Structure formats: structure tokens, C-alpha cells
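In the order they appear, the protein sequences are chains A and B.
With UniProt numbering, letter number 99 in the first sequence gets 99, and the count goes up by one each step, no holes.
With UniProt numbering, letter number 206 in the second sequence gets 206, and the count goes up by one each step, no holes.
Here's the structure we're looking at; comments come further down.
There are 2 protein chains.
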Amino acid sequence: MKSGVRHQLAEKMAGEITLSDSPGQALKKWRQSFNIPQGLLAERLEVSPSVISDYESGRRKSPGTAIVGKIVDTILSIDEDNGGQFINKFAKILYSEFDEDVIYDIHEYASPVGLSDFAGVIDATTICGPMDQAIYGYTVINSLNAILQLSSSEFNRIYGWSTERALIFTEVSTGKSPMVAIRVTPFKPRCVVLQGISPEQVHPLIPGLAERDRISVLCTQMDVETIISSLRGKSW
Amino acid sequence: MKSGVRHQLAEKMAGEITLSDSPGQALKKWRQSFNIPQGLLAERLEVSPSVISDYESGRRKSPGTAIVGKIVDTILSIDEDNGGQFINKFAKILYSEFDEDVIYDIHEYASPVGLSDFAGVIDATTICGPMDQAIYGYTVINSLNAILQLSSSEFNRIYGWSTERALIFTEVSTGKSPMVAIRVTPFKPRCVVLQGISPEQVHPLIPGLAERDRISVLCTQMDVETIISSLRGKSW
DNA sequence: GGAGATCTTCGTGAAATGTCGAAGTGCCAT
DNA sequence: ATGGCACTTCGACATTTCACGAAGATCTCC
């Protein structure tokens with residue numbers, strides 16, 4: 001899940017810079033910890049090197065979100081072009097290895113995404129529940145490993161930052177176990193996507209289970225890699 | 001470690017807002033997910049309600065880090081005054097319970113902090129190594145639980161975002177085990193603080209172990225809660 | 001259907017950002 | 001000590017932010 005790491009790292013950097021008493025110093029810290037000279041950063045941003053220096057020295061006390069975002073993105077891009085050595089170093093911190101087996105991808109939207117748009121992107125068919133809802137994120141979960149490896153408290157991690165999300169369970173056989181797991185768990189997602197089966201294969205108990213927790217259920221046969229890259233690539 | 005959660009949550013919020021294509025929408029999402037009306041937020045920020053609306057509606061395309069920080073902080077403060085229900089909800093996501101037993105506190109500085117200043121705050125004595133260094137963060141670790149509970153790969157999590165940090169091991173007897181653990185591990189901190197013992201009690205092998213990895217070693221008898229609150233309270 | 005609370009839109013002026021380029025500092029290597 | 005590289009400082013000016021308050025739009029709950 002490389003792209004996931006990049007995004008989380010970007011968020012961490014941006015957050016730290018934004019909250020810092022001196023955003024300039026924080027900016028500098030990150031540039032330096034990626035071993036990037038001001039000049040190169042300036043070149044990639046297509047601005048003059050003095051601009052970078054002005055920010056880092058604190059002449060602009062409160063830089064706008066736009067440049068902070070651009071600078072963070074550029075720092076990461078430069079590292080990616082060099083093979084991503086620093087991103088990979090930071091990646092170890094972000095994802096504990098346990099996550100990689102269980103959570104294939106996890107993402108939060110900054111603004112609501114319509115459920116029917118979402119369904120369209122992953123080519124999903126509605127099994128039950130309303131489609132005029134909005135979600136704030138999604139999680140792609142390896143169904144088997146989630147049930148084998150997660151303790152009940154760890155199970156909550158699949159919800160990321162909002163329960164207003166879609167949980168995509170991969171390679172399900174009938175979809176019954178994921179729905180049961182959700183039934184017995186305190187948090188409820190807005191939507192569950194069963195990946196790898198056709199509408200006819202969906203277990204007949206599912207609409208009943210889903211209705212109790214007001215969850216919309218979809219299914220898709222798009223393969224997991226395609227789902228992840230389609231969702232990642234989309235800007236809503 | 002309540003304060004730790006607040007900080008991490010603030011960082012997450014600020015990062016998401018800063019990186020968003022429309023910071024206004026992201027701001028709105030967070031305000032709403034804390035169930036705070038614009039009017040109340042405006043009042044606490046001592047600005048007129050239209051200011052909030054202007055931000056959220058996107059009239060300001062790239063708000064500065066200063067206001068973003070202020071808004072995030074105010075949202076969190078309002079929730080704290082209401083008993084912190086939403087902060088606690090998000091806290092579940094930030095800290096897996098496993099962390100709480102092992103990592104008492106973990107913090108990153110946006111700009112370098114001198115090691116001797118740091119030592120002063122926690123009333124630490126130098127055992128060996130140079131003090132004219134700088135660190136970018138610290139981690140307070142329960143020594144016993146760390147060694148009992150952490151697998152070798154999980155051990156890396158104590159480094160947070162930078163290895164240029166101080167690792168504070170609590171309630172050590174001689175300090176040997178923590179130093180051995182660091183010796184056999186790929187990442188090296190700048191500094192190790194042994195909490196709970198006097199300089200005379202420090203195991204004689206320690207200077208030798210520390211020198212190999214160029215680590216400065218300190219010790220302090222300040223109690224853990226005091227250390228955490230002193231470090232948290234300090235703005236450098 | 002109207003009172004009230006919540007939110008949006010907009011004109012405005014002071015202040016700050018965003019960018020440039022020229023000139024200056026400091027530190028290695030040759 | 002003469003470059004060269006990395007970085008800093010600064011004046012200038014166009015563009016935005018920031019904050020206000022008045023007026024309009026929505027929604028909800030009698």
C-alpha cells in the first residue's frame with residue numbers, strides 16, 4: 001500500500017507544520033530530514049530559492065494551506081524520484097506489519113462522497129439499503145485475516161477516522177461472516193461491500209442483518225488491485 | 001496519556017485540512033463531526049460567525065497556518081469543556097491499547113531542542129556522551145513492558161518520527177537491559193534517559209555500550225508523571 | 001406561517017502573503 | 001584566495017487573506 005503511506009506521511013508533515021509556532025522552522029526540519037537542498041526544492045516548485053528561504057526564516061508567519069501543501073507534496077515527489085528512501089524509512093513507522101496483512105488500504109475523504117458515485121467507481125451492485133447517503137472514507141479489508149488475526153478491540157481500527165465509511169471485505173464466500181462480525185461490534189459502517197462474489201451468491205440472511213444496523217450492502221467482482229487503484233486515483 | 005491524544009488528533013486534523021483541495025470543506029467536516037455550531041466556534045474564537053462561514057464556503061482558498069491552528073485548537077477545547085466525548089472517541093483510533101502499557105508518552109518537536117536544555121527540564125545527570133546535541137522528540141517507555149511485550153519489529157515504534165530523540169526508560173534497575181536492546185536493534189536514539197536510579201546505580205557496562213552507538217546517557221530520579229507533565233508543558 | 005437559530009453572501013479596508021531579483025554571508029575545496 | 005554552492009536578507013508590488021457587519025437564505029419547531 002505505497003500510496004497510503006505517502007498520503008499519511010504528507011498529512012503528518014502538513015499537520016505538524018500547520019500547528020507549529022513557527023511553520024518556517026517545521027518546514028525546514030522536514031526538508032532537511034529528506035536531505036533536499038533549498039535550491040532543488042525551489043526549482044521543482046518553479047519559484048526562486050529566496051522564496052524557500054523567506055518561508056523557512058519565518059518572514060511569512062502564517063503561510064497558506066496551498067503552499068504548505070505544495071511544498072510537502074514536492075518534498076515527497078523528489079524523494080520518490082530518488083527511489084523513495086526516506087518515504088520508506090517513515091513507512092515503517094506508519095504501518096505496523098500487522099496492518100499489511102489485514103488492511104489493504106484505508107482512506108479518509110476531507111469532504112463527503114456520494115454512495116452511488118462510490119459504487120460506480122468500483123462497479124458495485126446494490127444488494128440492499130439506501131444509496132442516497134454519503135461516506136467519509138473507506139477501508140479495504142482481507143476478510144480471512146481480519147477474522148483470524150484481529151482481537152475485538154483491534155477490530156475497531158478498520159474504521160479509521162470515521163464510521164461514516166464503506167468497508168470493503170475482499171474474497172468473501174457468501175458475506176455472512178463479515179456481517180456477523182459487524183453485528184456484534186459496537187461501531188457500524190454506512191456501507192459494506194462484498195468483493196469477489198455475484199449478487200446471487202450473497203447469503204440470504206444478509207439483508208436482514210444489514211437492516212438492523214441500517215447498513216447498505218453492495219457487491220462487486222472487480223479485483224482487489226483494481227478497486228484500490230480506482231479509488232486512489234479518483235478525485236471527487 | 002490524554003494530552004498526547006489531543007496533540008495527535010490536532011495534527012491529523014490540521015494535516016487533512018492543509019492538504020485538502022478545499023480546506024474550507026475539510027474545516028467544516030471536522031467542526032460538524034464534533035457537533036459544534038458555527039456560532040459557538042465563532043464566539044470562542046472571538047470572531048463574527050460570518051468569518052467561519054467565509055472559510056467553510058471557500059471564500060478564503062488558502063487560509064494561513066495560524067487560523068487553521070487556532071480553529072483546530074478551539075474545536076478541541078470546546079469538546080474538552082464538554083467532557084471530551086469526541087476526543088475520546090477518536091482516541092480509540094490513535095492509540096491501540098497495547099501502546100498504553102508500553103509507551104507512556106511520545107512527542108515530536110517541530111524544531112530542534114538542545115539536549116542540555118532537555119536534561120535540565122527533567123533534572124537529569126549526565127552519565128556519558130556529549131551534551132551539545134539536538135533532539136527532535138522523545139518517548140517515555142515502560143522498560144519492563146517494552147521488553148516483555150514488544151516484538152523486535154514493534155520495538156521500532158518507540159522511535160516515533162525521528163531517531164534524533166531521547167528515549168526515557170522508566171523504573172530501570174541498572175539500565176543494562178534497555179541499552180542491550182538498543183545495541184541489537186538497527187535504529188539508534190541520540191540519547192537514553194534512565195529513570196528511577198541514581199548515577200551510582202547505573203551499570204558499569206553502560207558507557208561502553210553507549211559509546212559504540214554514539215549515544216548520550218542520562219539518569220534522573222524525577223517521577224514519571226512529573227517528567228511527562230514537565231516535558232508536555234514546556235514550549236521551547 | 002412566523003419566530004428563532006443556523007448558516008451564506010458580499011462589499012470593504014487594513015494587513016499579510018506570495019513572489020521576484022539583486023546583493024550579501026558563510027563554508028568548503030581546490 | 002578565488003571560486004562555487006547553499007543559504008539569507010531585503011525592497012518592491014500585486015494579490016490575498018482576514019475580519020466586520022448588514023442583509024439574505026434555510027430549516028425547524030411550535
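Beta carbons are placed, not taken as given, at the ideal position from N, Cα and C, and that holds for glycine.
What you are looking at is a predicted structure, and each value in this text was computed from that prediction instead of being measured.
Beta carbon proximity, A:S20 to chain B, threshold 8 Å: yes
Span of the alpha helix (DSSP H) around A:Y55: 49-57
Where A:P204 falls, given that 16 or more other Cβ within 10 Å makes a residue buried: Under this definition A:P204 is an exposed residue.
Runs of beta strand (DSSP E) lying entirely within the stretch 125-163 of chain B, each at least 3 residues, in chain order: 125-128, 134-142
Below-8 Å beta-carbon distance, A:K61 vs any chain B residue: yes
A:E80, enclosing alpha helix (DSSP H) - first and last residue: 65-81
Helix, strand or coil at A:L19 according to DSSP, with G and I counted as helix: A:L19 falls in the helix class under three-state DSSP.
Where A:Q221 falls: helix, strand or coil (DSSP): In this structure, A:Q221 counts as coil in the three-state DSSP scheme.
Beta-carbon proximity check, B:I87 vs B:D79, cutoff 8 Å: yes
Start-to-end residues for the beta strand (DSSP E) that takes in B:G84: Where B:G84 is concerned, there is no enclosing beta strand (DSSP E), given that its DSSP letter is neither H nor E.
Boundaries (first-last residue) of the alpha helix (DSSP H) holding B:Q38: 38-45
Within-8 Å CB hit, B:S162 to chain A: yes
Neighbour-count burial assignment, A:K61, 16 or more Cβ in a 10 Å radius: exposed
Rounded Cβ spacing between B:I147 and B:A166 (contact assumed at less than 8 Å): At roughly 19 Å, the Cβ-Cβ gap does not stay under 8 Å, so B:I147 and B:A166 are not in contact.
Contact the stretch 15-29 of chain A vs the stretch 98-114 of chain B: 3+ CB pairs below 8 Å: yes
B:G4 beta carbon less than 8 Å from that of B:D105: yes
Residue range of the unbroken alpha helix (DSSP H) whose run includes B:I197: Element bounds for B:I197: n/a, residue is neither H nor E.
Proximity test, Cβ basis, 8 Å: A:E200 and chain B: no
Inter-stretch contact at 8 Å, needing at least 3 Cβ pairs: the stretch 48-56 of chain A / the stretch 14-21 of chain A: no
Close Cβ partners of A:A14 (< 7 Å) along its chain, the five nearest in sequence each way excluded: Excluding residues within five positions, the ones whose Cβ falls inside 7 Å are V68, G69, V72.
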